[in-house]
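Peer 1: Sharing a structure with you now.
Protein chains in written order, with this note's numbering: chain A, 1 to 113; chain B, 1001 to 1114.
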């Protein structure tokens, strides 16, 4: 298994600002994932982040809005840029372990006013 | 495209009653299916995966390829089973260096009443 620390755990932000969410893993992993969970909805994959390469974004998500960094095998950041109230969600990072099992962080609850 | 459907958003049962949380999927290849659970104020965690064919906390799930289903079952529900349950499918996307993509169903909230 993997232990994932995600921060901040929650934030309240003003419209038009940006927030960077950090995800730290206690072991080296190849694949890290970022998800969004809108209120009352399921998890939707935003992008997959491999160390040393550009993140792969899912349909409906673009790098300008959700830039991702993956500087090493234990760390990644997701930035939510130029925020609007529609970006209010829980953002989760996860890593893939053995057997294609994913381990999740506790999430970042973002509210945009 | 891969898709996971959980038809029930909420399932409410009494303690000791049998539970079945439904999950149907669509996937063109050979699927790998999981059930994840999120208890109150805890992070999302794996409950079980179909290839393990094991029982976790009394829950079992059998992959039925003919019906494209992976329903989660427990013969006698306990109050501590109350949680949000997500069915998920892992499938490799060809031509994309993004490993195995996990697609989640909409989730079912299980409430076990005393």
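Backbone N, C-alpha and C fix where the C-beta goes; we use that ideal spot for every residue, glycine too.
1. Quick check on DSSP: helix, strand or coil for residue 11/A?
2. Would you list, in sequence order, the uninterrupted beta strand (DSSP E) runs of no fewer than 3 residues that lie entirely inside the stretch 38-67 of chain A?
3. Counting only beta-carbon separations shorter than 7 Å, does residue 1076/B have a partner in chain A?
4. Who pairs with residue 1032/B in a beta bridge, going by DSSP?
5. Please confirm whether residue 43/A has its beta-carbon closer than 7 Å to some beta-carbon of chain E.
6. Whole angstroms is fine: what's the gap from residue 1012/B's alpha carbon to residue 1107/B's?
7. Contact criterion: CB-CB distance below 7 Å. Does residue 2/A meet it with respect to chain B?
8. Does residue 101/A come within less than 7 Å of chain B when only Cβ atoms are used?
9. For residue 61/A, which residues in chain B fall below 9 Å Cβ to Cβ?
10. On the DSSP bridge list, what partners appear for residue 1025/B?
11. Quick one: grab the DSSP three-state call for residue 1056/B.
12. Can you list, in chain order, the residues of its chain whose CB lies under 6 Å from that of residue 75/A, leaving out five sequence neighbours each side?
13. Within the same chain, show all residues whose beta-carbon is closer than 7 Å to that of residue 97/A, passing over the 5 residues directly before and after it, in chain order.
14. Since residue 1111/B meets chain A, which of its residues come closer than 8 Å, beta carbon to beta carbon?
15. Tell me the rounded alpha-carbon separation between residue 1110/B and residue 1084/B.
16. Tell me which same chain residues have a C-beta within less than 7 Å of the C-beta of residue 1031/B, skipping the five on either side of it?
17. Got a sec? Which residues, its chain only, sit under 6 Å from residue 70/A by beta carbon, not counting five neighbours each side?
18. Could you confirm whether any beta carbon from chain A is found closer than 7 Å to the beta carbon of residue 1063/B?
19. With 7 Å as the threshold, decide whether the Cβ of residue 1104/B is near any Cβ in chain A.
20. List, in order along the chain, the chain A residues whose C-beta lies closer than 7 Å to that of residue 1016/B?
Peer 2: Looking at the coordinates:
1. Walking along the first chain from the start, residue 11/A turns up at place 11. Here residue 11/A sits in strand by DSSP.
2. 43-50
3. On the second chain, residue 1076/B is found 76 positions in, with the first residue counted as 1. So no, residue 1076/B is outside the interface.
4. Numbered from its first residue, the second chain carries residue 1032/B at position 32. Looking at the DSSP assignment, residue 1032/B forms a beta bridge with 1090/B.
5. Annotation note: the requested chain E is absent from the structure, which comprises protein chains A and B.
6. Position 12 of the second chain, counting from 1, holds the residue named residue 1012/B. Position 107 of the second chain, counting from 1, holds the residue named residue 1107/B. Using only the alpha carbons, I get a separation of about 14 Å.
7. As a first step, residue 2/A is located in the first chain; it is residue number 2 there, counting from the start. No, its Cβ sits nowhere closer than 7 Å to a Cβ of chain B.
8. Start at 1 with the first residue of the first chain, and residue 101/A comes out as number 101. Yes, its Cβ sits closer than 7 Å to a Cβ of chain B.
9. Translated into the one-based positions of the first chain, residue 61/A becomes position 61. Contact of residue 61/A with chain B by beta-carbon distance below 9 Å is absent, the smallest such distance being about 13 Å.
10. On the second chain, residue 1025/B is found 25 positions in, with the first residue counted as 1. Looking at the DSSP assignment, residue 1025/B forms a beta bridge with 1004/B.
11. To locate residue 1056/B, count along the second chain from 1; it is residue 56. Strand.
12. The residue given as residue 75/A occupies position 75 in the first chain. Cβ within range, chain order: 24.
13. Residue mapping note: residue 97/A aligns to position 97 of the first chain, counting from 1. Here the set comprises 1, 2, 103.
14. Numbered from 1 along the second chain, position 111 holds the residue referred to as residue 1111/B. Those do not exist, as residue 1111/B stays about 16 Å from chain A at its closest Cβ, beyond 8 Å.
15. Walking along the second chain from the start, residue 1110/B turns up at place 110. Walking along the second chain from the start, residue 1084/B turns up at place 84. The straight-line gap from Cα to Cα measures roughly 6 Å.
16. Start at 1 with the first residue of the second chain, and residue 1031/B comes out as number 31. The residues are 1025, 1089, 1091.
17. The residue given as residue 70/A occupies position 70 in the first chain. These residues qualify, in order along the chain: 49, 51, 76.
18. Here residue 1063/B refers to the residue found at position 63 when the second chain is read from its first residue. False, the Cβ-Cβ gap to chain A never drops below 7 Å.
19. For this step, residue 1104/B is matched to residue 104 along the second chain. Cβ-Cβ to chain A under 7 Å: yes for residue 1104/B.
20. For the purposes of this step, residue 1016/B is taken as the residue at position 16 of the second chain. What residue 1016/B touches in chain A: nothing, since even the nearest Cβ is about 29 Å away.
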